[in-house]
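Accompanying notes for the structure given below.
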Amino acid sequence: MALVPSFHTLPSGEEKPIAFASRTLSKAEQNYAQIEREALAIVFGVRKFHQYLYGRKFTLFTDHRPLTTVFGPQNGIPSMAAARMQRWALLLSAHNYTIEYKRAEHHANADGLSRLPLQVEHREKQDAVELFYLGQVGKLPVSATDIRRETILATVVEMVLKGTQAISLTDNNELSPFISKRSELSVQHGCLMRGMRVVVPHKLRKRVLEELHTGHPGIVRMKAIARSYVWWPGLDADIELQVKMCQSCQQIQKMPSQAPLHPWEWPSKPWERIHVDFAGPCEGHMYLVVVDAHSKWPEVQVMTSATAEKTIEVLRNLFSHYGLPEVLVSDNGPQFVSQEFANFLKANHVKHIRSAPYHPAMNGQAERSKAKA
């Protein structure tokens with residue numbers, strides 16, 4: 001029941017009643033969250049005593065402390081407040097008032113009479129915007145029945161309707177995200193809402209994500225759509241994971257930025273590290289290009305075939321002239337990745353470094369010499 005007295009405060013601090021107004025709650029209003037029922041009493045009183053209040057500065061007293069934040073003129077309307085709370089805050093913003101918290105034992109002039117309800121028949125009336133939104137929500141793959149079956153959400157609904165004192169919150173990590181948002185939660189036709197968004201049960205979240213991902217809109221677009229209709233703890237992270245796990249989305253996404261190149265260290269002596277690569281074919285011949293990383297001295301050998309066996313033969317001849325290198329750098333050509341070539345280098349204690357696939361710049365010494373040749 002909502003009961004609102006209107007008082008005039010004398011200079012001595014004594015309050016003199018001007019009028020009293022009360023009414024019982026309709027069936028729909030009885031399902032409001034506790035904070036909404038307290039807010040309803042304020043809105044009812046301001047509307048009832050409009051002729052006394054409009055154009056004058058007045059003070060609202062409430063024994064529900066959260067309303068001092070929601071309806072405080074200095075704070076503005078919370079963006080995630082329930083839809084009806086936003087409308088009520090907007091309605092009150094047309095008045096010049098301050099809102100103060102008063103403990104229940106000091107609020108007896110209103111609280112006492114509120115316990116003597118007078119039964120009144122109500123005509124159910126809903127806001128047109130609320131009806132439209134609930135109609136849109138009905139198209140989502142979640143219903144009030146599904147929410148009631150969800151243990152955690154059923155507990156949250158009880159918390160919203162009866163207050164946190166009605167349930168045990170000890171060591172319940174699953175409830176923590178909802179408790180921190182409890183001032184933004186409400187119940188509409190059995191559906192748990194955060195502001196204008198439906199709170200989706202855990203077992204239906206995968207289905208909702210699949211619906212949101214229809215057409216592969218991408219992370220930003222998916223988040224924008226989701227934030228208009230649904231909410232659950234970790235929604236943004238789940239959307240990002242959904243897109244990252246989608247093969248089609250990964251194929252068309254932008255290429256990652258290239259990492260900066262790390263230059264080769266300068267060898268301390270000639271023929272310590274050599275770079276090798278093949279150029280050609282040119283006029284029926286292949287050319288094996290060998291570059292010393294220290295002196296930049298190139299060696300070019302004409303070859304009729306570029307097999308691993310012929311490559312080993314040419315390198316053995318070069319090694320007999322210049323000595324064995326410590327490191328040999330090549331690409332991933334079939335001659336250089338063969339077991340025969342690996343055995344040859346291992347037998348001569350030469351370390352083999354191959355460039356990353358599709359990244360010829362790693363073997364730039366040989367590539368530049370090949371281009372000049």
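Numbering-wise (the UniProt record's numbering), the sequence shown opens with residue 1 and increments by one.
By construction, the Cβ of each residue, glycine as well, lies at the ideal position given by its N, Cα and C atoms.
Selected residue, minimal CA-CA separation from residue i, among the options
i           : options                   : result
P357        : G333, R197, E340 and P177 : G333
A293        : C282, T307, Q301 and S268 : S268
N31         : I239, K162, R65 and E309  : K162
E210        : A308, S257 and Q242       : Q242
A33         : C249, M222, K254 and E184 : E184
V300        : G280, H106, E309 and T307 : G280
S295        : T304, H189, E272 and I179 : E272
N94         : M85, E105, R103 and L53   : The question names Asn, but residue 94 is Ala in the sequence shown. The residue with the shortest Cα to Cα distance from A94 is L53.
K27         : E15, H189 and P11         : H189
A254        : V187, K244 and V337       : Checking the displayed sequence, the identity of residue 254 turns out to be Lys instead of Ala. Closest option to K254, Cα to Cα, is K244.
V208        : L328, L235, I312 and S257 : L235
H262        : L90, S355, S248 and S320  : S355
H321        : P270, N343 and I353       : P270
residue 410 : S248, L345 and R87        : With the chain represented from 1 up to 373, any question about residue 410 goes unanswered, as that position is not in the structure.
residue 447 : V350, N343, F319 and H359 : Limits of the chain in this structure are 1 at one end and 373 at the other, which puts residue 447 out of reach.
W88         : I219, V43, I353 and Q258  : V43
Q51         : V199, P256 and A19        : A19
Inter-residue spacing [alpha-carbon to alpha-carbon] between residue i and residue j
i           : j    : result
M1          : T62  : Residue placement at M1 is flagged as unreliable, the pLDDT there being 47, under the threshold of 50; the coordinate-derived value follows with that caveat. Using only the alpha carbons, I get a separation of about 15 Å.
L92         : H216 : 43 Å
residue 376 : L175 : Residue 376 cannot be examined here, being either before or after the span of the chain that is shown, 1 to 373.
C191        : P177 : 18 Å
G195        : P17  : 36 Å
T307        : M286 : 10 Å
R56         : V156 : 40 Å
E283        : M303 : 11 Å
W297        : V291 : 6 Å
F49         : M85  : 20 Å
E36         : T59  : 20 Å
P233        : I179 : 11 Å
N173        : K206 : 21 Å
K351        : I252 : 39 Å
T214        : V220 : 14 Å
K181        : Q247 : 35 Å
N317        : S305 : 16 Å
E38         : V70  : 12 Å
Same chain, Cβ closer than 7 Å to residue i, five either side skipped, listed in chain order
i    : result
W264 : A293
G72  : I99
S338 : A308
F341 : A308, T311, I312 and Q335
6 Å CB neighbourhood of residue i in its chain, flanking five on each side removed
i    : result
N348 : L324
Y101 : R65 and T68
M222 : L212 and I239
K310 : M303
L315 : none
V160 : A33, L185 and V187
E326 : E272
P11  : none
A83  : M196
L328 : I274, V350 and H352
Opening and closing residue of the alpha helix (DSSP H) in which residue i lies
i    : result
L328 : Note, L328: premise wrong, no alpha helix (DSSP H); beta strand (DSSP E) at V327 to S330.
T68  : P66 to V70
T311 : A308 to Y322
S228 : I219 to Y229
G280 : No alpha helix (DSSP H) contains G280, which is instead part of the beta strand (DSSP E) from R273 to C282.
Y52  : H50 to L53
C249 : Q247 to I252
M255 : Careful: M255 lies outside any alpha helix (DSSP H) and carries neither H nor E.
E240 : L235 to K244
L288 : Here L288 belongs to no alpha helix (DSSP H); instead the beta strand (DSSP E) covers H285 to D292.
L92  : A83 to L92
Residue i: first and last residue of the uninterrupted beta strand (DSSP E) it sits in
i           : result
P334        : From DSSP, P334 is part of no beta strand (DSSP E) but of the alpha helix (DSSP H) over P334 to V337.
K351        : K351 to R354
Q301        : P298 to M303
A19         : E15 to R23
residue 389 : For the chain, the structure presents residues 1 to 373; residue 389 sits outside this window and is missing.
E29         : First-last for E29: undefined, no H or E at that position.
E100        : N96 to Y101
heavy atom of the ligand NAD below 7 Å from residue i C-beta
i   : result
R56 : Within the structure as shown, the ligand NAD is missing, as the structure has no ligands at all.
Same chain, Cβ closer than 8 Å to residue i, five either side skipped, listed in chain order
i    : result
R197 : R227, S228, Y229, V230 and W231
F319 : P325 and N348
G218 : V243 and C249
I225 : L212 and P217
Neighbour flag for residue i against chain B, beta carbons, 8 Å
i   : result
Q34 : Absent here is chain B; the protein component of the structure consists of one chain.
Exercise for the section: Pick out the complete alpha helix (DSSP H) segments inside the region 174-221, 4 residues or longer, and give them in chain order. Expected result: Taking only runs of at least 4 residues, the alpha helix (DSSP H) segments lying wholly in the region 174-221 are 176-179 and 205-212.
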